[in-house]
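*Asks:*
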Amino acid sequence: MEKLKNFIFVFSCTVALTALLLHAQSQSGFISIDCGIPENSGYTDKKTGINYTSDANFIETGVRKKISIEYNSPALEQQFLNVRSFPEGTRNCYTLKLPHGNKKFLIRARFMYGNYDCQRKPPRFVLLLEADVWDSVEFEDASTIVSKEVIHIPQKDYVYVCLANTGSGTPFISALELRSLINSSYTTQSGSLLLFWRWDVGSTTNETIRYEDDGYDRIWSPYNRHDWVPMTLSRSLTVVSLTDNKPPSNVCRTAVRPANGGNSLQFGWKPSDPSFQYYAYFYFAEVEQLQAHQTRELYIYLNGRVWYGPIVPQYLYATTFMSTSPMHEENMEFSINKTENSTLPPILNGFEVHRLKEFSQLLTNQQDVDAIMNIKSKYGVKRNWQGDPCAPKDYLWQGLNCSYNDYDPPKITSLNLSSSGLAGEICPYISGLTSIESLDLSNNSLTGTVPEFLLQLPFLTSLNLTGNKLKGSIPTGLMERNKTGFLSLSVDRNPDLCREASCREKNKLMIPVAVVPVVAVVILFCVLLTTMAALWNLKTRRKLGKTDSSLELKSRRFSYSDVMRITNNFERVIGEGGFGTVYHGYLDDTQVAVKMLSPSSVQGYKQFKAEVELLMRVHHKNLTSLVGYCDERTNMGLIYEYMASGNLQAHLFEDDADLLSWEGRLRIATEAAQGLDYLHRGCKPPIVHRDVKSTNILLNENFQAKLADFGLSRVFPVEGRTHVSTIIAGTPGYLDPEYYISNRLTEKSDVYSFGVVLLEIITSKPAIEKSAEKTHISEWVSFKLAKADIRNIVDRRLQGDFDINSVWKAVEIAMACVSLTSAKRPTMNQVVIELNESLAIEIARKKVGKDNVSNDFGESISLVMSTELSPQVR
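Taking this note's numbering, the leading residue of the sequence shown gets 318, the next gets one more, and so forth.
#1: Under a three-way DSSP split, which group does HIS340 fall into?
#2: Could you please give me the residues that DSSP links to ARG496 through a beta bridge?
#3: Bridge partners for VAL380 per DSSP, in chain order?
#4: Assess contact between the region 748-756 and the region 672-692, defined as three or more Cβ pairs (one per stretch) separated by less than 8 Å. Is contact present?
#5: Check the DSSP bridge columns for PRO547 and list the partner residues they point to.
#6: Rounding to the nearest angstrom, what Cα-Cα distance links PRO471 and ILE424 in this structure?
#7: In the DSSP assignment, find the alpha helix (DSSP H) that holds LEU969 and state where it starts and stops.
#8: Could you compute how far the alpha carbon of ALA576 sits from the alpha carbon of MET649?
#9: Ends of the beta strand (DSSP E) at ASN482?
#10: Since ILE1160 is in the alpha helix (DSSP H), which residue starts that stretch and which ends it?
#11: How is SER1139 classed by DSSP in three states: helix, strand or coil?
#12: Contact criterion: CB-CB distance below 8 Å. Does ASN811 meet it with respect to chain C?
#13: Helix, strand or coil: how does DSSP classify LYS1065 here?
#14: Ends of the beta strand (DSSP E) at THR907?
#15: Report the partner residues of ASN952 according to the DSSP bridge assignment.
#16: Runs of 4 residues minimum, wholly inside the region 1049-1100: which ones carry the alpha helix (DSSP H) assignment?
#17: Look at the Cβ atom of LEU1152, then the Cβ atom of ALA1022, and state whether they are nearer than 8 Å.
#18: Please go through the same chain and pick out, in chain order, the residues whose beta-carbon is closer than 8 Å to the beta-carbon of PRO1054, but skip the five residues on each side of it.
#19: Among SER942, ARG427, ARG570 and GLN703, whose alpha-carbon lies nearest the alpha-carbon of VAL400?
#20: In whole angstroms, what separates the C-alpha of PHE887 from that of PHE970?
#21: Measure the C-alpha to C-alpha separation of PRO1002 and HIS936 and round it to an integer number of angstroms.
#22: Name the residue from SER1088, GLU1159 and LYS1082 whose alpha carbon lies nearest to the alpha carbon of GLY1117.
#23: Take GLN611 as the anchor and find which of THR656, ASN781, PHE925 and ARG672 has the nearest alpha-carbon.
#24: Within the continuous beta strand (DSSP E) that includes ALA1022, where are the two ends?
#25: Hey, how far is the Cα of ARG1113 from the Cα of SER507?
#26: Return helix, strand or coil for GLN703, following the three-state DSSP convention.
#27: Mapping DSSP to helix, strand and coil, what is LEU445?
#28: By the three-class DSSP mapping on this structure, what secondary structure does LYS825 have?
#29: Looking at the secondary structure, which residues open and close the alpha helix (DSSP H) in which VAL1128 lies?
#30: Could you tell me how far apart the beta carbons of ARG408 and TYR712 are, in whole angstroms, since I believe they sit closer than 8 Å?
#31: Taking DSSP's pairing of strands, which residues face VAL899 in a bridge?
#32: Note down, in chain order, each residue of its chain lying with its Cβ closer than 6 Å to the Cβ of TRP1097, except the 5 sequence neighbours on either side.
#33: What alpha helix (DSSP H) runs, 4 residues minimum, are completely inside the region 590-650?
#34: Can you check which of these residues, ASP530, VAL518, ALA459 and GLU1077, is closest to HIS543 by C-alpha distance?
#35: Does the beta-carbon of CYS1134 have 16 or more other beta-carbons within 10 angstroms, so that it is buried, or is it exposed?
#36: For the alpha helix (DSSP H) that contains ASP985, what are its first and last residues?
Put into structure tokens, the structure is as follows:
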């Protein structure tokens, strides 16, 4: 058992062989870049068959160079004939967009100096990956080939590879390669793996092995010693890999055994740094067809202790033995010894060692990255803005300052674009920098007015707009913040820009004298009409016993002392959120929930106001009802009807919650969809919720579902308008990817979020898997659907107690909702119709009885997703 805890033996022949054959058929998971060849050029490498392309589309800086002709030999790989050199800037970065669907990648950077600069002095520099130092790059001489390789799980769907100038020569690069790996290969407890050794032992050709022999395009170097004897298969047979690491057949067709009848193979190394930790991978495949009386059995020892064993290599099948935790020894001395029962000496076919590397620095907050990249594109900023804006700390972008802590991604707190040649209006992308404190746009050629969206930056304390061509008046809110000392505002040398009061005085002076009497008469006439209308309206309202919305608002307003009485001095907490704390209370004999705004909530007041205004004018049985509110400066709260059964997420994921039946789940989904459909179609103008998720679907004592939390909701101000452009808001996992990319909010953004909720209802799995891979629920369901594996999609706790057609219909409508293209998503009205039909199928089954309806999961079901908006039940 102790051996099983420390080591893994992976055996999966059919899956491994199939995946290897499929991978060898294409280079779909490859990015192969020959750095320094002309833009839009490319070629197929004659030796490997790998398709290489120019690096021009992956980087914005650097110059193309050729190595000196004296180092250009026929044996030299084509990727080393050219380089890209970076004589300017301290950091220059490649941005690689990762192939979709993969999480783990082999990333390799290759270098050969070749005296490309005629200086005959190879440089030294640092290689960066994402936000951390990857490794240093050094050369013995001009012909030395240096390869840096890492097995890494990137933080995002792209990865930065950067070269940093350390003052010891100009950085350059010859080739950059990325290869997709199976996520279950090269597993670690944490961190990434830097290649230390990769040996093809027993090689008889003295040539490296890579693609196509290796589907992952790893580079296997031949390695032999005088005390080892090479062995090879007697016939041209193929060795099949039984592991996810998939050593190539040509590596496993050769092996070594001890020379001179020895019983042990030995090798080792002394770590250059005592803190280094390693992972080792041993590959074994029997290359001799043993006779009945022959046995080959071996142990692996590390520093004299049994590391693994006994091992019996399989004929024509390769297996892997690896460490499951990092090795940390002062000396690393391995020996492979035969056992007492073995009649044959030990063998070894291949061997890998990787050094553990933690890439711990987080990349900049994605919203900030999107905002600053849009600003860069909008204004054509002529700066070396490459790689991550805030990380590593020593290489942050010129003109930026960022905030750092151990838990959250860095955020941009200061942006200085003074004297940067900016032209045009102040772009709204700046509003995406929600943590910015200082903004300097001075001494440019900015035109237009000072925008209102600057008021949406809650931490902005310094704004410098001096020396531009701005016009009009300054927003009142900015002026008030400047007067109260919360904002340092500089607007000098904008000839057509004036403060609000002076603008009014100027406009008064511009009115012709002859116009004044006419204006006075018109104003007097309007006042008389307004007074008469108000009196008539008041008289009519008194007769009808009606009150206007403002009176209705006043009737629902409670004092802070009222709230304390309702909650019995905030005695019982029933929930927590970004807005604040939710308390249980009684208003007369009716139970209520009181949500109090936390003083630390940045957007709290804006959301508080939005929610009050919205809930005062919308009413639906599947929307939570607002009983009242409290607004006394720092004490602000919302009083809702009490939902006794809590939120939907708790019933789906918490172990002690009551299990929801399939019919109950469909009812909840249908009711929530009806509430959302009302916002989209029943309200004029339409309302987009923007934060649909399972925690915002509340259940009353009868498990009736009601949509809640409207603080992020947006109203479409113009009837018939298909979208609004707005700052990204929502919850990761539920956020519409199209909205996230384009900032274009539509009703279909809510549809996507609801689709994620519906998948949660079906599977009882969270929107994003809580693991290192962080798989999205839609990807997981798609993988299962590709196999028509419905039994493993539905929450297993239901134990098959549902109609299979009802399930398929629900799954299909959910997958249609989470389409990456909004045009392919159904409307909420269509979703309501489909869910009602799914519910009707399940109710019919209940009436007929379980025995009369098939729930056989063994039947073969071929899933074909409909391209229409309304999926077809099978």
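For each residue, glycine too, the CB sits at the ideal point set by N, CA and C.
*Replies:* Looking at the coordinates:
#1: On the sequence shown, residue 340 is found 23 positions in, with the first residue counted as 1. Confidence in HIS340 is poor, its pLDDT being 40 and thus under 50, which makes the residue's placement unreliable; the coordinate value appears in the next sentence. It is helical.
#2: Along the sequence shown, one-based indexing puts residue 496 at 179. The partner list for ARG496 (beta bridge, DSSP) reads PHE347 and LEU423.
#3: Along the sequence shown, one-based indexing puts residue 380 at 63. Bridge partners of VAL380: SER402.
#4: yes
#5: The residue you call residue 547 lines up with position 230 of the sequence shown. DSSP lists VAL573 as partners of PRO547.
#6: Locating residue 471 in the sequence shown gives position 154, counting from the first residue. Locating residue 424 in the sequence shown gives position 107, counting from the first residue. Those two C-alpha atoms are separated by around 10 Å.
#7: The residue given as residue 969 occupies position 652 in the sequence shown. 965-970 is the extent of the alpha helix (DSSP H) around LEU969.
#8: For the purposes of this step, residue 576 is identified with residue 259 of the sequence shown, where counting begins at 1. For the purposes of this step, residue 649 is identified with residue 332 of the sequence shown, where counting begins at 1. Whole-angstrom Cα-Cα distance: 22 Å.
#9: Here residue 482 refers to the residue found at position 165 when the sequence shown is read from its first residue. Here the beta strand (DSSP E) through ASN482 covers 475-485.
#10: As a first step, residue 1160 must be located in the sequence shown, where it is residue number 843. In this chain, the alpha helix (DSSP H) harbouring ILE1160 covers 1145-1165.
#11: Residue numbering aside, residue 1139 sits at position 822 when the sequence shown is read from its first letter. Correct three-state label for SER1139: helix.
#12: Among the protein chains of the structure shown there is no chain C, as only one such chain exists.
#13: In the sequence shown, counting from the first residue as 1, residue 1065 sits at position 748. LYS1065 falls in the helix class under three-state DSSP.
#14: In the sequence shown, residue 907 corresponds to position 590, counting from 1. Going by DSSP, THR907 is part of the beta strand (DSSP E) stretching over 907-914.
#15: Here the question's residue 952 lines up with position 635 in the sequence shown. GLU949, per the DSSP bridge assignment.
#16: 1054-1059 and 1064-1080
#17: Residue numbering aside, residue 1152 sits at position 835 when the sequence shown is read from its first letter. Residue numbering aside, residue 1022 sits at position 705 when the sequence shown is read from its first letter. No, Cβ-Cβ distance for LEU1152 and ALA1022 is not below 8 Å.
#18: For the purposes of this step, residue 1054 is taken as the residue at position 737 of the sequence shown. Contacts found: TYR1069 and LEU1137.
#19: As a first step, residue 400 must be located in the sequence shown, where it is residue number 83. Here the closest residue by C-alpha is ARG427.
#20: Here the question's residue 887 lines up with position 570 in the sequence shown. Here the question's residue 970 lines up with position 653 in the sequence shown. A direct Cα-to-Cα measurement between PHE887 and PHE970 gives close to 28 Å.
#21: The residue labelled residue 1002 in the question sits at position 685 within the sequence shown. The residue labelled residue 936 in the question sits at position 619 within the sequence shown. Between PRO1002 and HIS936, the C-alpha separation is close to 14 Å.
#22: Position 800 of the sequence shown, counted from the start, is the residue given in the question as residue 1117. Comparing Cα-Cα distances from GLY1117 to each of SER1088, GLU1159 and LYS1082, the minimum goes to GLU1159.
#23: Here residue 611 is taken as the residue at index 294 of the sequence shown, counted from 1. The shortest Cα separation from GLN611 among THR656, ASN781, PHE925 and ARG672 belongs to THR656.
#24: Your numbering for residue 1022 matches position 705 in the sequence shown. From DSSP, the beta strand (DSSP E) with ALA1022 extends over 1022-1024.
#25: For the purposes of this step, residue 1113 is taken as the residue at position 796 of the sequence shown. For the purposes of this step, residue 507 is taken as the residue at position 190 of the sequence shown. Taking the straight line from one Cα to the other gives about 31 Å.
#26: Taking the sequence shown and counting its residues from 1, the one referred to as residue 703 is at position 386. GLN703 falls in the coil class under three-state DSSP.
#27: Within the sequence shown, numbered from 1, the residue matching residue 445 stands at position 128. It is a strand residue.
#28: Counting from 1 along the sequence shown, the entry for residue 825 is found at position 508. With a pLDDT of only 44 at LYS825, under the threshold of 50, the placement of this residue in the model should not be trusted; the figure read from the coordinates follows. Residue state, collapsed to three classes: helix.
#29: Counting from 1 along the sequence shown, the entry for residue 1128 is found at position 811. 1121-1134 is the extent of the alpha helix (DSSP H) around VAL1128.
#30: Taking the sequence shown and counting its residues from 1, one reaches residue 408 at position 91. Taking the sequence shown and counting its residues from 1, one reaches residue 712 at position 395. Rounded, the Cβ-Cβ distance is 4 Å, consistent with contact.
#31: Within the sequence shown, residue 899 is the residue found at index 582, counting from 1. Bridge pairing for VAL899: GLY892 and LYS912 [DSSP].
#32: As a working note, residue 1097 is residue 780 in the sequence shown. Here TRP1097 has no same chain residue with a Cβ atom under 6 Å from its own Cβ, once five neighbours each way along the sequence are excluded.
#33: Complete alpha helix (DSSP H) runs here, min 4: none at all.
#34: Numbered from 1 along the sequence shown, position 226 holds the residue referred to as residue 543. Among ASP530, VAL518, ALA459 and GLU1077, the Cα nearest to that of HIS543 belongs to VAL518.
#35: Along the sequence shown, one-based indexing puts residue 1134 at 817. Its Cβ being crowded by 16 or more others within 10 Å, CYS1134 is buried.
#36: Looking up residue 985 in the sequence shown gives position 668. The sequence shown places Ile at residue 985, not Asp. Judged by DSSP secondary structure, ILE985 falls within the alpha helix (DSSP H) whose first and last residues are 979-994.
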